[in-house]
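To start, the structure under review is shown below, and the notes come after it.
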Amino acid sequence: MADDTRAGRIARRLFEEHAARRRFENLSGDLAPDSVAEAYEAQAALVRLWTADGRDSVAGYKIALTSQAIRDLVGVDEPCGAAILASTVRRAPEGGPAEVGRAEFVRLGLEFELAFRMGSDTQAGAVYDAASIRAHVDAAMPAFELIEDRDADYSALDAASLVADNAWCGGIVLGRPSTAWAGMDLSAVPVALAYNGETETATTGAAMGNPLNSLAWLATLLAGQGRPLAAGDIVMSGSTLATRFAAPGDLARYEVEGLGAVELRVA
Numbered sequence: 035m036a037d038d039t040r041a042g043r044i045a046r047r048l049f050e051e052h053a054a055r056r057r058f059e060n061l062s063g064d065l066a067p068d069s070v071a072e073a074y075e076a077q078a079a080l081v082r083l084w085t086a087d088g089r090d091s092v093a094g095y096k097i098a099l100t101s102q103a104i105r106d107l108v109g110v111d112e113p114c115g116a117a118i119l120a121s122t123v124r125r126a127p128e129g130g131p132a133e134v135g136r137a138e139f140v141r142l143g144l145e146f147e148l149a150f151r152m153g154s155d156t157q158a159g160a161v162y163d164a165a166s167i168r169a170h171v172d173a174a175m176p177a178f179e180l181i182e183d184r185d186a187d188y189s190a191l192d193a194a195s196l197v198a199d200n201a202w203c204g205g206i207v208l209g210r211p212s213t214a215w216a217g218m219d220l221s222a223v224p225v226a227l228a229y230n231g232e233t234e235t236a237t238t239g240a241a242m243g244n245p246l247n248s249l250a251w252l253a254t255l256l257a258g259q260g261r262p263l264a265a266g267d268i269v270m271s272g273s274t275l276a277t278r279f280a281a282p283g284d285l286a287r288y289e290v291e292g293l294g295a296v297e298l299r300v301a
C-alpha cells in the first residue's frame, strides 16, 4: 500500500528524482519538510522504497555535516545521519584499487573516513558517548564514501532536504578491517590522502574531535528513532579531509596510520 503521509509523498518524489537522475533541488511547497524530524521520517520512507522488493537492505549508516563550517553553511547546529544500502557497499581488493564508474553518478564526490564495524547491538533509547560506544565496536578500517549530490548548489542548501535525501549517500568503499584501533588514541591518528600523486594529511580527530564521538552521536540518534545499530552494521564516521569531486582516471589512496590503506580508481 502506498504511503500517503507527507513524509511518504516526499520520499516518492525523491525516489523518482533519483531514478530519473535529476539535479538535486531543495524540497519546496507542499513537499518541504516542516522540521528535521519530518525529514528523517521521509528519509526512512525513501529507504523503504529502495528496499521494498527485497533485493536490497540496510548495511549500516553514515554521519554527515561533521564540520562546523559546513553546518554553519546550511544553517544547522548538529550533524545528520543516513542509511547505507547493501548494494552500494564495495570492498577494495587486496593489494589494488576498487574501481568506481564515474557514469554511475550524476556527480561523484569522494570523502575519506574511518569506518567502524559493529560487534554488538546498541539499545533503543540509550544515550552514548565515546567511552560507552567503544564496547560495541568490533573493527575499524579506512574507507571512502561515495557522495551522490546530484550536482547540488551548495550555496543554497537546505538541511532538511539533505536529510530527506538520505544525506546523499551513494555508497562506500572499504579497506581491510582491523582490531588494532582499540589500542589507539583516535583523536590524533595521522591520515594521508594521495590523490593523483599529490599528498594531503590530517588526523582522525578531524571527524568531531574523535571518530568515536561521531559514532556515539549517530548511535544515540538512531537509538532515539527506534532503529538502534546492530552487530555487523558498518558506520562511516565523517570525512577528515575536504570532499574531492572525481573525474575518470582519478586515483586515490587513503591511509590511516596503523590501520592500513584503501585505494580507489575512477573509471
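Quick note: to get the numbering used here, add 34 to the position in the sequence shown (first position is 1). Backbone N, C-alpha and C define an ideal beta-carbon position, used for all residues, glycine too.
The residue among Ala216, Pro176, Ser271, Leu293 with its C-alpha nearest the C-alpha of cysteine 114 is Ser271. Only residues of its own chain outside the window of five on either side were considered, and among them Lys96, Asn200, Ala201, Cys203 have a CB closer than 6 Å to the CB of alanine 116, listed in chain order. A contact is defined here as three or more CB-CB pairs under 8 Å, and the segment 167 to 177 fails this definition with respect to the segment 84 to 95. Every unbroken stretch of the beta strand (DSSP E) spanning 3 or more residues and falling wholly within the segment 196 to 253 is given here in chain order: 203 to 208, 224 to 229, 232 to 237. Of all C-beta pairs linking the segment 220 to 234 to the segment 44 to 61, fewer than three are shorter than 8 Å, placing the two stretches out of contact.
Per DSSP, the unbroken beta strand (DSSP E) holding valine 123 starts and ends at 123 to 125. One thing to note: alanine 174 has its Cβ within 8 Å of the Cβ of leucine 293.
Counting every other CB atom within 10 Å of its CB across the protein chains shown gives glutamate 145 a total of 16 or more, marking it as buried. In the DSSP assignment, alanine 295 falls outside any alpha helix (DSSP H) and lies within the beta strand (DSSP E) extending over 294 to 300. Relative to the Cα of alanine 120, the nearest Cα in the group Gly239, Phe279, Gln259, Val81 belongs to Val81. Excluding sequence positions up to five before and after alanine 228, its CB lies within less than 6 Å of the CB of Arg287, all in the same chain and listed in chain order. When the alpha-carbon of glycine 159 is set against those of Thr122, Leu148, Pro245, Leu255, the nearest one is in Leu255. A straight line joining the alpha-carbon of arginine 55 with that of alanine 193 spans about 20 Å.
Sixteen is the threshold: since fewer than 16 other Cβ atoms of the shown chains lie within 10 Å of the Cβ of valine 161, the residue is exposed.
In this structure, the straight-line span from the alpha carbon of glutamate 72 to that of glycine 130 is close to 42 Å. Comparing alpha-carbon positions, the option among Glu51, Ala45, Gly217, Gly258 lying closest to alanine 198 turns out to be Ala45. Runs of the alpha helix (DSSP H) lying entirely within the segment 51 to 95, each at least 4 residues long, are 70 to 85 in chain order.
Taking alanine 295 as the centre and dropping the five residues before and after it, the same chain places the C-beta of Pro176, Gly209, Arg287, Tyr288, Glu289 closer than 8 Å to its C-beta, in chain order. Cβ contact annotation for serine 221 (same chain, cutoff 8 Å, sequence separation greater than five): Thr237, Thr238, Gly239, Gly243, Asn244, in chain order.
Straight-line measurement puts the Cα of glutamate 182 at about 20 Å from the Cα of glutamate 75.
For phenylalanine 150, same chain residues with a beta-carbon under 6 Å away, outside a window of 5 residues either side, are Val171, Ala174, Leu249, Val269 in chain order.
Contact check for alanine 301 against arginine 136 passes: the beta carbons are separated by less than 8 Å.
In the DSSP assignment, serine 271 falls within the unbroken beta strand (DSSP E) covering 268 to 273.
Spatial neighbours of glycine 94 in its own chain (CB-CB distance under 7 Å, excluding positions within 5 residues in sequence) are listed in chain order as Ile118, Asp267, Ile268, Val269.
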